[in-house]
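Notes for the one structure printed next.
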Amino acid sequence: MTTAMRSLIVGNWKMNGLSGALAEAASIDTLAGELPGVEVGLAPPFTLLSPMAAMVHHLSVGGQDCHEASHGAHTGRISAAMLAESGARFVILGHSECRAEGDDDARVRAKVDAALGAGLSVILCVGETARQREAGEAKSAVVGQLAAALPQGEGSAERLTIAYEPVWAIGAGQTPAQDEVEAMHRAIRSSLVAHYGEAGRLVRILYGGSVSASNVEALVANAMVNGVLVGGASLTAESFGAILRSIAGSGRAD
Ligand code: PGA
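Numbering-wise (the working numbering), the sequence shown opens with residue 326 and increments by one.
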């Protein structure tokens, strides 16, 4: 079941990286080739997508967001087909930073459909705010985000990954307690199975929010955690490589 899944480690570079950062990606790619037991992805800013995709051999490259429309008068936006043509294999959607800038559940759902329609895989981010957590509403907030955004179409579960990212943990240097992560991943798994049946057991559920080389081993020691989505610590080959090595050496890699 979940323990048989290959761990997926994805770096989200956010709005960081000029062309000099491609050297970091090249080193990360080389390391990914040496660690076949883990699956590695990088989501650089759009400007680096195409050169990075042309350069790597072992990791997959993805986008950080896309527009829900296929084309049109949307100044500054990028469509799912543009990502795919630039070499993206996946796109991160519903990230809390995009939700904070206006993406509501309906829009996230529309983006998920657009991405799948363009042939991309989707990493769908869900997570509660500090206020929701304090009010005891963390689980209902996350399950609600899932219910609103999970795609329905044939084969969509196969191209879906969920990232549980508590908003208060992102970039904050703090993570939830192990039992809190486990409880939330269990709730997400239940939602996936209720929605997709048996196929819902094969959807990977990542943890994200202040993942570092010092806490990743403990996080992935839990069989409910199928990998991690990493922000700040994915920006250099040194820090991201330490995370990859840690997971590859933890017994969680096949
Ligand atoms: P962080 O970001 O690792 O810097 O906390 C994670 C994310 O936003 O995906």
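For glycine and all other residues, C-beta sits at the position ideal for the given N, C-alpha and C.
- In its chain, beyond the 5 residues on either side, 388, 403 have a beta carbon closer than 7 Å to the beta carbon of residue 371.
- Residue 392 places its beta carbon 8 Å or farther from that of residue 365.
- Secondary structure of residue 450 (DSSP, three-state): strand.
- The alpha-carbon separation between residue 344 and residue 557 amounts to approximately 18 Å.
- In terms of Cβ geometry, residue 413 and residue 386 form a close pair [threshold 8 Å].
- Rounded to whole angstroms, the gap between the alpha carbons of residue 438 and residue 469 is 18 Å.
- Relative to residue 507, the option among 531, 497, 494, 474 whose CA is nearest is 531.
- For the options 356, 491, 551, the alpha carbon positioned closest to that of residue 458 is the one of 491.
- DSSP, read as helix, strand or coil, puts residue 479 in coil.
- A distance criterion of 7 Å places the beta-carbon of residue 416 beyond contact range of the ligand PGA, judged by its closest non-hydrogen atom.
- In summary, residue 396 is exposed, with fewer than 16 beta-carbon neighbours lying within 10 Å of its beta-carbon over all protein chains present.
- Taking the Cα positions, residue 334 is about 14 Å away from residue 447.
- Per the coordinates, the alpha-carbon of residue 513 lies some 24 Å from the alpha-carbon of residue 426.
- In the DSSP annotation of this structure, the continuous segment of the beta strand (DSSP E) that includes residue 386 starts and ends at 385-388.
- If you draw a 10 Å sphere on the C-beta of residue 401, you find fewer than 16 other C-beta atoms in it, and that means exposed.
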